[in-house]
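Remarks on the structure that follows.
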Amino acid sequence: MSSEFAIRCGGVGKAFQLYAHQNDQLKQILFGLWKKFYREKWVLNDVNFTVQRGERVGIVGRNGAGKTTLLQILCGITQPTKGEFEIEGRIAPILALGSGFDGLLTGRENARIGAAILGLSRKEVDACIEDIAAFADIGPFFEQPMRIYSVGMIARVAFAICAHAQADVLIVDEALSVGDEIFQKKCENYISEFAKTGTILIVSHSLEFLKKLCTRVLWLENGVVREIGDPAKVIAHYRAAMKAEQGQKIAWR
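Just so we're aligned, residue 27 is where the sequence shown starts under the numbering used here, counting upward by one.
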């Protein structure tokens, strides 16, 4: 991959297998060579785009458009059914905040493990663990098992880990919609600061934030790229389409 690119997607598609009956999955295992017992649901199809180093690209689209699936593919959580992608540099994935934590371990213990998973060495983890604790700002709860945490506290720790991952590429899925207003502002401030030197791919329903942050916006519709370009222009087209669709729904009532 050319070093000027941080992310490249080429013809990426993702299909899920949907089974009408519970035992059809077993039938597929036993007799799948002769007959298909499922139907395919394509949530992404022929997605092509590149993100240059230092770019901030936002992704918009209605629920079910394939936004989260695309980010999961780029982070290695799931594999594409077709196509290929490349990412250059260390990734900090801010997706389902805290989904991989162990409730029996303390916030500190989970933070150390999470930072190591993101690629930090033991020495690097030792150097930043207190900064992670300060960023999370949950006080003595950082030394308590995470099973007693609220959703907002879990999100704080998860975001704090990613914020100290020394990443080149930040991939964000709706982190700004989790937690209280203070935490959301902290997320926004960190992302804005990271944007000065790093590469960002972010999904958000906060269209004004995307317009302010991003150099380009990608509109994903029914699993395909409908438009990509200037943030103000793409967001205006997206809003107009959503407004027209809402008007049609009202007219049918």
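Glycine included, each C-beta is placed from N, C-alpha and C at the ideal position.
As the structure is a prediction and not an experimental result, all values here were calculated from the model.
With a cutoff of 7 Å on beta-carbon distance, L227 and I197 are scored as near each other. DSSP, reduced to helix, strand and coil, places N215 within a helical segment of the structure shown.
Under the three-pair Cβ rule at 8 Å, the stretch 129-143 does not count as touching the stretch 94-114. Note that the stretch 183-194 touches the stretch 136-145; at least 3 beta-carbon pairs, one per stretch, sit closer than 8 Å. Inclusion of A191 and A118 in the CB contact set at 7 Å is warranted, their separation being smaller than that value.
Around the Cβ of N215, a 10 Å sphere holds fewer than 16 other Cβ atoms; the residue is exposed. Under the 10 Å beta carbon count, D199 is surrounded by 16 or more other beta carbons and is classified as buried. Note on geometry: alpha-carbon atoms of V73 and R242 lie some 16 Å from one another. Considered as a whole, the stretch 166-210 harbours 195-199 as its complete beta strand (DSSP E) runs of no fewer than 3 residues, in chain order. Every beta strand (DSSP E) stretch that sits fully inside the stretch 49-93 and reaches 3 residues is listed by chain position as 65-78, 82-86. Remark: three or more beta-carbon pairs, one from each stretch, lie closer than 8 Å, so the stretch 59-74 and the stretch 28-38 are flagged as touching. Following the DSSP letters along the chain, one finds G140 inside the alpha helix (DSSP H) bounded by residues 133-143. Note that the stretch 98-112 does not touch the stretch 145-162; fewer than 3 beta-carbon pairs, one per stretch, sit closer than 8 Å.
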